[in-house]
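Just below is one structure, and these are the notes that go with it.
Residue numbers (this note's numbering): 265 to 466.
Right, here's the structure in full:
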């Protein structure tokens with residue numbers, strides 16, 4: 265029985281994984297499939313890979329993301345989608361690599377970027393935005409009006425922050441803090457503070 269099925273799509277590849285197979289076994293079969301279909305996949309558009317599967321842990325998602333980026337490069341957008349019959353939106357989109365100046369990236373879910381966002385780049389998401397690197401471009405979380413959305417970065421120094429319809433920008437010359445920070449809405453204003461302080465409040 266096949267536990268990993270690869271399908272070509274208009275914008276990339278769809279990978280369907282069976283629900284009950286142990287993750288370690290899935291990873292072995294994924295590697296075999298990628299080798300088996302290497303010629304086909306090299307000619308396909310890999311701008312996007314949709315993984316349809318059961319819920320994976322954050323560690324499992326990162327392990328699969330690392331494998332995909334190792335094979336196809338760090339400019340592949342990976343979306344994890346539940347294995348359900350009814351239509352459900354994906355929970356989050358992952359991107360591994362640097363978002364360079366002039367680039368625009370948009371997600372209809374949460375957006376996780378494993379890398380830096382350079383000045384001049386623009387990123388937006390309907391949900392939360394998490395940058396595991398330096399965030400120095402324009403960022404918009406909750407783009408559809410979600411005021412509960414937050415922006416998190418290991419180094420938060422954007423040229424503009426927007427959550428829902430509220431916009432702010434850091435004072436000129438202000439340097440990013442040396443700790444991970446979070447931006448969120450409270451009382452109609454955007455506040456930025458260290459993650460450690462925010463967790464204590466939560």
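Idealized CB from N, CA, C, for every residue including glycine.
What residues in its chain sit with their C-beta under 7 Å from that of residue 432, if we drop five residues either side in the sequence? Taken in chain order, the residues that qualify are 425, 454.
Out of curiosity, what's the CA-to-CA distance linking residue 367 and residue 395? Residue 395 has its alpha-carbon roughly 15 Å from the corresponding atom of residue 367.
Buried/exposed call for residue 409, threshold 16 Cβ in 10 Å: Burial call: exposed.
Within a Cβ cutoff of 7 Å, which residues of the same chain sit near residue 382, ignoring the five residues on either side of it in sequence? Around residue 382: 362, 363, 364, 365, 400, 401.
For residue 373, which beta-bridge partners are listed by DSSP? Residue 373 pairs with nothing; no bridge assigned.
Can you list, in chain order, the residues of its chain whose CB lies under 7 Å from that of residue 386, leaving out five sequence neighbours each side? For residue 386, where only same-chain residues beyond five positions count, the Cβ hits under 7 Å are 368, 401, 402.
Assigned secondary structure, residue 455 (DSSP; H/G/I helix, E/B strand, else coil): In the structure shown, residue 455 falls within a strand segment according to DSSP collapsed to helix, strand and coil.
Could you check whether residue 343 and residue 315 sit closer than 8 Å to each other, using their CB atoms as the reference points? In this structure, residue 343 lies closer than 8 Å to residue 315 by Cβ.
Since residue 288 is in the alpha helix (DSSP H), which residue starts that stretch and which ends it? Secondary structure note for residue 288: its alpha helix (DSSP H) is the uninterrupted segment 287-300.
Could you say which of 277, 291, 267 lies nearest to residue 283 if we only look at CA atoms? Each of 277, 291, 267 was checked against the Cα of residue 283, and the nearest Cα belongs to 267.
Contact check, residue 450 vs residue 428, beta carbons under 8 Å: Not in contact: residue 450 and residue 428 (Cβ atoms no closer than 8 Å).
First and last residue of the uninterrupted alpha helix (DSSP H) at residue 470: Outside the shown range of the chain, which is 265 to 466, sits residue 470, and nothing can be said about it.
So what does residue 271 bridge to, in DSSP terms? In the DSSP output, where bridge partners are listed per residue, residue 271 has 278.
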